[in-house]
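In the working numbering, the protein residues as written are 16 to 209. Beta carbons: idealized from backbone N, C-alpha and C, even for Gly. This report concerns only the one structure given below.
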């Protein structure tokens with residue numbers, strides 16, 4: 016279509032994020048070079064998003080006509096509790112640890128503009144493993160693995176159209192699930208002191 020299109024709007028977007036997290040850790044020796052570690056973590060976050068869009072009113076010459084389809088007030092809270100148990104071994108040359116945790120999470124999303132309320136509960140495993148082996152004073156091998164979950168942001172959840180870039184119009188998905196990522200790192204180092 017060879018027609019030109021003009022969108023004359025003014026929008027404002029205000030986001031507030033608050034979060035707090037606490038961790039309690041206890042380590043108990045169980046044998047020579049061996050330990051168990053118990054870790055308890057609690058976290059809470061709250062995000063508010065207030066997006067208002069106004070169409071240009073040619074009769075008044077101002078941006079006073081609120082566009083209800085592109086306006087949204089959204090509140091998202093996420094609370095999680097995690098317990099992790101790890102086994103650790105360290106004899107000077109070999110340093111090894113492996114553990115797993117279980118996290119219970121609850122996310123509540125409130126679309127205050129449209130009176131829509133969503134609630135999601137999550138149960139996640141949090142596996143971790145690390146290995147460091149010193150072959151000599153100059154050669155070392157390291158390996159790390161970590162599995163983590165990540166919650167969607169308010170912008171990804173908020174079901175309001177963002178047309179600020181007409182070539183890339185987006186809208187949030189309130190049913191979006193969390194993501195789980197696996198991170199691996201393998202490193203071998205060798206250096207010549209001379």
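Can you tell which of the options has the C-alpha that lies nearest to the C-alpha of residue i?
i           : options            : result
residue 105 : 176, 50, 205, 169  : 50
residue 33  : 113, 150, 58, 24   : 58
residue 151 : 95, 96, 98, 203    : 203
residue 192 : 201, 182, 131, 172 : 172
residue 144 : 81, 201, 76        : 201
residue 210 : 96, 160, 91        : Past the boundaries of the shown model lies residue 210; the chain is included only from 16 to 209, so the question cannot be answered.
residue 133 : 95, 81, 188        : 188
residue 38  : 96, 159, 130, 129  : 96
residue 72  : 22, 46, 45         : 22
residue 137 : 130, 123, 81, 131  : 123
residue 81  : 45, 27, 197        : 27
residue 159 : 74, 42, 128, 197   : 197
So who's on the other strand from residue i, going by DSSP bridges?
i           : result
residue 44  : 50
residue 158 : 146, 201
residue 72  : 77
residue 209 : Looking at the DSSP assignment, residue 209 forms no beta bridge with any residue, so it has no partner.
residue 65  : 29, 88
residue 35  : 59
residue 176 : 186
residue 100 : 53, 115
residue 286 : The structure shown does not extend to residue 286, since the chain spans only 16 to 209, so no value can be given for it.
residue 22  : BP columns for residue 22 are empty, so no partner.
residue 94  : 59, 121
Less than 8 Å between the beta carbons of residue i and residue j, yes or no?
i           : j           : result
residue 60  : residue 93  : yes
residue 186 : residue 169 : no
residue 36  : residue 52  : no
residue 146 : residue 111 : yes
residue 149 : residue 180 : no
residue 86  : residue 100 : no
residue 55  : residue 113 : no
residue 102 : residue 25  : no
residue 184 : residue 177 : yes
residue 68  : residue 31  : no
Give me the Cβ distance between residue i and residue j, rounded to the nearest whole Å; I'm assuming they're in contact under 8 Å.
i           : j           : result
residue 139 : residue 195 : 7 Å
residue 29  : residue 83  : That pair is no contact at about 18 Å.
residue 142 : residue 162 : 5 Å
residue 205 : residue 157 : That belief does not hold up - the Cβ atoms of residue 205 and residue 157 are roughly 12 Å apart, past 8 Å.
residue 118 : residue 164 : 7 Å
Is the CB of residue i under 8 Å away from at least one CB in chain B?
i           : result
residue 115 : The displayed structure is made up of one protein chain only, and chain B is not part of it.
Continuous beta strand (DSSP E) assignments of at least 3 residues falling wholly in the region 105–155: 109–126, 131–140, 143–149
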